[in-house]
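**Q** Below are the structure tokens for one structure; questions will follow.
There are 2 protein chains.
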Amino acid sequence: MLREDVATSPQLLRRMNVGAVLRYALAAQTFLASEVMAATGLTRSTVLGLCDTLVAQGWIDEVADSREAGQYSKGRPARRYRLRDRAGYIVAVDAGQHTVTAAVADLRGTILARTGHTIDGVQGPVRRTAARGAVDSVLAHADVRPEEVFLVVVGVPAPVDGQGHSPAGHDYWQHMNPGFPAVFDDCGRTMVDNDANLAALAEHARNPGLDSFATLLSGERFGAGLVVDGRLLRGRHGGAGEMRLLDIVQGAGSSEGLGFLAREWAVAASKARTLPPGSALAQLPRAQLSAEAVFAAAAGGDAAAQGIVDRLGERLARVAQILVSLLDVEKVIVAGAIAQAAQPVIDKAAAVLDDVFQPPVPELAASTLGADGVVLGALECGLSMLRDEPLSFAPFRPGVAR
Amino acid sequence: MLREDVATSPQLLRRMNVGAVLRYALAAQTFLASEVMAATGLTRSTVLGLCDTLVAQGWIDEVADSREAGQYSKGRPARRYRLRDRAGYIVAVDAGQHTVTAAVADLRGTILARTGHTIDGVQGPVRRTAARGAVDSVLAHADVRPEEVFLVVVGVPAPVDGQGHSPAGHDYWQHMNPGFPAVFDDCGRTMVDNDANLAALAEHARNPGLDSFATLLSGERFGAGLVVDGRLLRGRHGGAGEMRLLDIVQGAGSSEGLGFLAREWAVAASKARTLPPGSALAQLPRAQLSAEAVFAAAAGGDAAAQGIVDRLGERLARVAQILVSLLDVEKVIVAGAIAQAAQPVIDKAAAVLDDVFQPPVPELAASTLGADGVVLGALECGLSMLRDEPLSFAPFRPGVAR
DNA sequence: CTTATTAAATATAGGTTCTAGATTTAGTTA
DNA sequence: TAACTAAATCTAGAACCTATATTTAATAAG
Numbered sequence: 001m002l003r004e005d006v007a008t009s010p011q012l013l014r015r016m017n018v019g020a021v022l023r024y025a026l027a028a029q030t031f032l033a034s035e036v037m038a039a040t041g042l043t044r045s046t047v048l049g050l051c052d053t054l055v056a057q058g059w060i061d062e063v064a065d066s067r068e069a070g071q072y073s074k075g076r077p078a079r080r081y082r083l084r085d086r087a088g089y090i091v092a093v094d095a096g097q098h099t100v101t102a103a104v105a106d107l108r109g110t111i112l113a114r115t116g117h118t119i120d121g122v123q124g125p126v127r128r129t130a131a132r133g134a135v136d137s138v139l140a141h142a143d144v145r146p147e148e149v150f151l152v153v154v155g156v157p158a159p160v161d162g163q164g165h166s167p168a169g170h171d172y173w174q175h176m177n178p179g180f181p182a183v184f185d186d187c188g189r190t191m192v193d194n195d196a197n198l199a200a201l202a203e204h205a206r207n208p209g210l211d212s213f214a215t216l217l218s219g220e221r222f223g224a225g226l227v228v229d230g231r232l233l234r235g236r237h238g239g240a241g242e243m244r245l246l247d248i249v250q251g252a253g254s255s256e257g258l259g260f261l262a263r264e265w266a267v268a269a270s271k272a273r274t275l276p277p278g279s280a281l282a283q284l285p286r287a288q289l290s291a292e293a294v295f296a297a298a299a300g301g302d303a304a305a306q307g308i309v310d311r312l313g314e315r316l317a318r319v320a321q322i323l324v325s326l327l328d329v330e331k332v333i334v335a336g337a338i339a340q341a342a343q344p345v346i347d348k349a350a351a352v353l354d355d356v357f358q359p360p361v362p363e364l365a366a367s368t369l370g371a372d373g374v375v376l377g378a379l380e381c382g383l384s385m386l387r388d389e390p391l392s393f394a395p396f397r398p399g400v401a402r
Numbered sequence: 403m404l405r406e407d408v409a410t411s412p413q414l415l416r417r418m419n420v421g422a423v424l425r426y427a428l429a430a431q432t433f434l435a436s437e438v439m440a441a442t443g444l445t446r447s448t449v450l451g452l453c454d455t456l457v458a459q460g461w462i463d464e465v466a467d468s469r470e471a472g473q474y475s476k477g478r479p480a481r482r483y484r485l486r487d488r489a490g491y492i493v494a495v496d497a498g499q500h501t502v503t504a505a506v507a508d509l510r511g512t513i514l515a516r517t518g519h520t521i522d523g524v525q526g527p528v529r530r531t532a533a534r535g536a537v538d539s540v541l542a543h544a545d546v547r548p549e550e551v552f553l554v555v556v557g558v559p560a561p562v563d564g565q566g567h568s569p570a571g572h573d574y575w576q577h578m579n580p581g582f583p584a585v586f587d588d589c590g591r592t593m594v595d596n597d598a599n600l601a602a603l604a605e606h607a608r609n610p611g612l613d614s615f616a617t618l619l620s621g622e623r624f625g626a627g628l629v630v631d632g633r634l635l636r637g638r639h640g641g642a643g644e645m646r647l648l649d650i651v652q653g654a655g656s657s658e659g660l661g662f663l664a665r666e667w668a669v670a671a672s673k674a675r676t677l678p679p680g681s682a683l684a685q686l687p688r689a690q691l692s693a694e695a696v697f698a699a700a701a702g703g704d705a706a707a708q709g710i711v712d713r714l715g716e717r718l719a720r721v722a723q724i725l726v727s728l729l730d731v732e733k734v735i736v737a738g739a740i741a742q743a744a745q746p747v748i749d750k751a752a753a754v755l756d757d758v759f760q761p762p763v764p765e766l767a768a769s770t771l772g773a774d775g776v777v778l779g780a781l782e783c784g785l786s787m788l789r790d791e792p793l794s795f796a797p798f799r800p801g802v803a804r
């Protein structure tokens, strides 16, 4: 491969140009030579030659519908090319603490199959088996064989450094990140990353132009994926975005998440019998005092629930204030399964931020991705790696040796 | 110029290779074709052709001392090339609140002249005039004319975004960053950046392998330059590293810096007459109760001064804790003019960090650059821009039209 | 049904750039 | 002075891309 900062030969130039056209194909799926000419500045002869190469390599196909698909056009009909979006596949896995979710997508990012299972245990071996099972299940559903997979991207609830490793010394992290590459050694390359980081990548892909923001997973514990100046922050050991610092922030108190606290505070109020008799929360058995129940009651006007929501909103505002004032992010996206239910909390927090900051006040909003953020981020991570270095993957075609 | 993601022609390939050799020259100053061959993988013919180009453009010279300088060697003596380190110049300016410092360096980064002045006032026009005066002074000392300058890099005590602008709405920031490019319009390109950011770049250049760290300017106010994963963070409006968040951190209290607080607390103790009669601080008139005096007294064993140092150390530890735990930086470098004097404070803070963190404990250390950090960082900023895009500059040679 | 028109595809020639290998050159060493 | 050595130079040759002319495959008009 290339040494760093290295000079190049004509062959390498060809490789660069093949890559440029392939990138265009990945973005456009079906395209004409003229479009590539406009996008790259290359001559028609050159572009057609590059397309020939890509056809030979199995990345694109020539299709015959140049005229039918397009609007009316005079002159000789143009060849039309189409990305072979089944030339390879990307597998995305959210290996959460209690559940594993897997999805398989084609090269355009279209999800072909998706599944979720609970994991019975937190031990590494159990998690490895569960992840492999989920992946085998989606591959079977989508009729994809492991050798057709370009890339497996796994999200885990632990800090992960640039090499996919979690810091030593914490058994929990090693259990959460128990060496997935070995599990998927027949499925192309495997990448492991932190779940909040992947969720942030998903948001980045869905918010064009938003280049500095934080994605705050906020269910049981706070954890942030930080994107500043268009880049995801990792830090020395992958610990960027860990929220232990909240222990020493006034008004934030701890890194426990919104879901956890809503439940705890409701249960505490119930035990302390401070809930007014008329409160909706008082009607529920303690086992059903979930965060969602609290938020729903608050939305219904219940004063006790509203009190909890207000406290949570102030706490969330503190968290957002920290991130915004240290990193100058323009938006904090509250993500995770409870994000949408927590809209009342977010509204309260946004009001607090309005007081804290001079305009322009940073945005605070719930993610629209719900519980799928991590899986979608894993997919996005894989797609962006594909876009960055498409030629480092080899298209799979039945009957053709790789 | 190039469209993004664009394909290339043979001419552009040549340009890339010329750039690669020039980068080598900038790093090596004097070199042989064989070395470039080894570094780039190119043929001798090609490398010599590229060197011819660079000679013609005025970037390098052929020098005759191939044998003399080198160790014994058999065979035909190799041509030796040398960077024309006076093909252009880089001007670095630290436009601080009270003082302006300027330096001019050649392409190798060797400083040719340096000067410092106090600024009489905080108004934009005054600062512009002072900066221009300082630059004219160093240029005259180094016998450099403005048109020979490639790049002027100015550090200011205000947030600065990627375009060199400071956020509107704060008059102070506009005064600090009053449109320097117009002042240096005869000196090549002008770049403006935040002072702490530049100090961080200086540290980055001097600590190879250190890729995630914070540089904490800590004199009158805390301000951090954040480098994570090898990149300087800016944020949406250039506000990354602003330390206003300390207002809500327990034990940190405010964003006032070590120098400010040491002085304030010593004066307060003096006014409250709580200094023991034997204390070295009690001997001093209040106007001389500087931070340096407090640190010196503490080093000399004075108990009252030691008390102040301990309080400062705990506060500094909090600041470092915040940065480390949110960004996973491996080191916090205390910079600014008082950094070295503040060693007792740093020692105290390091001891606190030892308790707070599990191993590996993040490092905390004083910068070795003293008050020059910002100027050196501005120079480093210019050099790295030169290294990234050398061919975007045109060498200056007397008698040759540009 | 033929002809004009149009735009894409193809073919041809030419220029740049790099590589590979043979030959020459400029020194040292014996 | 001759042998040796490694750099420089010279000569082909191959891979690209471009520019321009020619051909081709469609539609539209007469």
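Chains A and B, in that order, give the protein sequences.
No gaps in the numbering here: position 368 of the first sequence is 368 in my numbering, and each next residue is one more.
No gaps in the numbering here: position 290 of the second sequence is 692 in my numbering, and each next residue is one more.
Cβ coordinates follow ideal geometry from the N, Cα and C atoms, glycine included.
It should be emphasised that the depicted structure is a prediction, and the values quoted were computed from it without experimental measurement.
Please confirm whether Asp359/B has its beta-carbon closer than 8 Å to some beta-carbon of chain A.
**A** Past the boundaries of the shown model lies residue 359/B; chain B is included only from 403 to 804, so the question cannot be answered.
**Q** Quick one: Cα of Ala305/A to Cα of Ile338/A, how far?
**A** Going by the C-alpha atoms only, they are around 16 Å apart.
**Q** When you compare the region 372-391 of chain A with the region 344-356 of chain A, are there three or more beta-carbon pairs, one atom per stretch, that lie closer than 8 Å?
**A** The region 372-391 of chain A, when compared against the region 344-356 of chain A, does not touch it at the 8 Å Cβ threshold.
**Q** Would you decide whether Arg510/B is buried or exposed? Buried here means 16 or more other CB atoms lie within 10 Å of its CB.
**A** Per the 10 Å Cβ criterion, exposed.
**Q** Taking the straight line between their C-alpha atoms, what separation do you get for Leu785/B and Met439/B?
**A** So the two alpha carbons sit approximately 24 Å from each other.
**Q** Evaluate the contact criterion for the region 787-795 of chain B versus the region 754-771 of chain B: three or more CB pairs, one atom per stretch, below 8 Å.
**A** No: the two stretches stay apart, fewer than three of their Cβ pairs being nearer than 8 Å.
**Q** Comparing C-alpha positions only, which one of Phe260/A, Thr129/A, Ala113/A and Arg128/A sits nearest to Ala140/A?
**A** It is Ala113/A whose Cα lies nearest to the Cα of Ala140/A.
**Q** What span of residues does the beta strand (DSSP E) with Ile346/A cover, start to end?
**A** Not the beta strand (DSSP E): Ile346/A falls in the alpha helix (DSSP H), residues Gln343 to Val356.
**Q** Measuring straight from C-alpha to C-alpha, what distance separates Arg286/A and Leu660/B?
**A** Arg286/A and Leu660/B: Cα-Cα distance of roughly 51 Å.
**Q** What residues from chain B crowd round Pro390/A, counting only those whose CB sits closer than 7 Å?
**A** Correct list: empty, because the minimum Cβ distance to chain B is about 12 Å.
**Q** Output the boundary residues of the alpha helix (DSSP H) element that contains Leu414/B.
**A** Element bounds for Leu414/B: Pro412 to Ala430.
**Q** If you check the beta carbons only, do Val63/A and Arg82/A fall under 8 Å apart?
**A** Yes, they are a contact pair.
**Q** Would Asp597/B and Gly655/B be called neighbours here (beta carbons separated by less than 8 Å)?
**A** The answer is no: Cβ separation not under 8 Å.
**Q** Quick one, are the C-beta atoms of Phe582/B and Ala533/B less than 8 Å apart?
**A** Closer than 8 Å, so yes.
**Q** My assumption, with CB atoms under 8 Å, is that Asn207/A sits in contact with Gly241/A. Please give the rounded CB distance.
**A** Their Cβ separation, rounded to whole angstroms, is 18 Å, which puts Asn207/A and Gly241/A out of contact at 8 Å.
**Q** In whole angstroms, what separates the C-alpha of Asp229/A from that of Leu369/A?
**A** About 22 Å.
**Q** For chain B, is any of its Cβ atoms less than 8 Å away from the one on Ser45/A?
**A** Not closer than 8 Å to any Cβ of chain B, the Cβ of Ser45/A fails to qualify, so no.
**Q** Determine the direct distance from the alpha carbon of Asp355/A to that of Asp136/A, and round the result to whole angstroms.
**A** Cα-Cα distance, rounded: 51 Å.
**Q** Figure out for me which residue from Leu316/A, Leu281/A and Ala320/A has the closest Cα to the Cα of Ala299/A.
**A** Out of Leu316/A, Leu281/A and Ala320/A, Leu281/A has the C-alpha closest to the C-alpha of Ala299/A.
**Q** Using the C-alpha atoms, what's the distance from Val651/B back to Phe357/A?
**A** Straight-line Cα distance between these residues: approximately 17 Å.
**Q** Spell out a yes or no on whether the region 158-173 of chain A and the region 199-219 of chain A are touching, meaning 3 or more CB-CB pairs, one atom from each, closer than 8 Å.
**A** The region 158-173 of chain A is not in contact with the region 199-219 of chain A.
**Q** Indicate the three-state DSSP secondary structure (helix, strand or coil) for Asn177/A in the structure shown.
**A** Asn177/A falls in the coil class under three-state DSSP.
**Q** Is it buried or exposed, Ala56/A, if we count other Cβ atoms within 10 angstroms and call 16 or more buried?
**A** With fewer than 16 Cβ atoms within 10 Å of its Cβ, Ala56/A is classed as exposed.
**Q** For Ala335/A, which option in Asp61/A, Ala202/A, Val144/A and Arg76/A has the closest C-alpha, if you only look at C-alpha atoms?
**A** Answer by Cα proximity: Ala202/A.
**Q** Got a sec: which bits of the region 634-653 of chain B sit with their beta carbon under 8 Å from any beta carbon on chain A, in order along the chain?
**A** Within the region 634-653 of chain B, the residues whose Cβ lies closer than 8 Å to some Cβ of chain A are Leu635, Arg636, Gly637, Arg638, His639, Gly640, Gly641, Ala642, Gly643, Glu644, Met645, Arg646, Leu647, Ile650, Val651, Gln652 and Gly653, listed in chain order.
**Q** Report the residue from Ala626/B, Ala489/B and Ser411/B whose alpha carbon sits nearest the alpha carbon of Arg799/B.
**A** Nearest of Ala626/B, Ala489/B and Ser411/B to Arg799/B, Cα basis: Ala489/B.
**Q** Could you name the residues of the region 169-188 of chain A whose beta carbon sits closer than 8 Å to any beta carbon of chain B, in the order they occur along the chain?
**A** Those would be Gly169, in chain order.
**Q** Thinking Ala200/A and Val227/A are a contact (beta carbons under 8 Å), I'd like their distance in whole angstroms, please.
**A** Sure, about 5 Å apart at Cβ, within 8 Å.
**Q** Can you find the residues in the same chain that come closer than 7 Å, C-beta to C-beta, to Glu148/A, ignoring five residues on each side of it along the sequence?
**A** Gly88, Tyr89 and Phe396.
**Q** Span of the alpha helix (DSSP H) holding Arg717/B?
**A** Unbroken alpha helix (DSSP H) run through Arg717/B: Ala705 to Leu729.
**Q** Would you give the residue range spanned by the alpha helix (DSSP H) that His141/A belongs to?
**A** His141/A -> alpha helix (DSSP H) spans Gly124 to Ala142.
**Q** Does any CB atom of chain B fall closer than 8 Å to the CB of Arg108/A?
**A** With 8 Å as the cut-off, Arg108/A does not count as an interface residue toward chain B.
**Q** Please go through the same chain and pick out, in chain order, the residues whose beta-carbon is closer than 6 Å to the beta-carbon of Pro548/B, but skip the five residues on each side of it.
**A** Closer than 6 Å at Cβ, skipping near neighbours: Asp588 and Cys589.
**Q** Using beta carbons (cut-off 8 Å, strictly below), is Arg330/A in contact with chain B?
**A** Note that residue 330/A corresponds to Glu in the displayed sequence, not to Arg. For Glu330/A, the answer is yes, since a Cβ of chain B falls inside 8 Å of its Cβ.
**Q** Any idea which residues DSSP pairs Leu216/A with across the strands?
**A** In the DSSP output, where bridge partners are listed per residue, Leu216/A has Ala224/A and Val334/A.
**Q** Using a Cβ cut-off of 8 Å (strictly closer), state whether Gln723/B contacts chain A.
**A** At least one chain A Cβ lies under 8 Å of Gln723/B.
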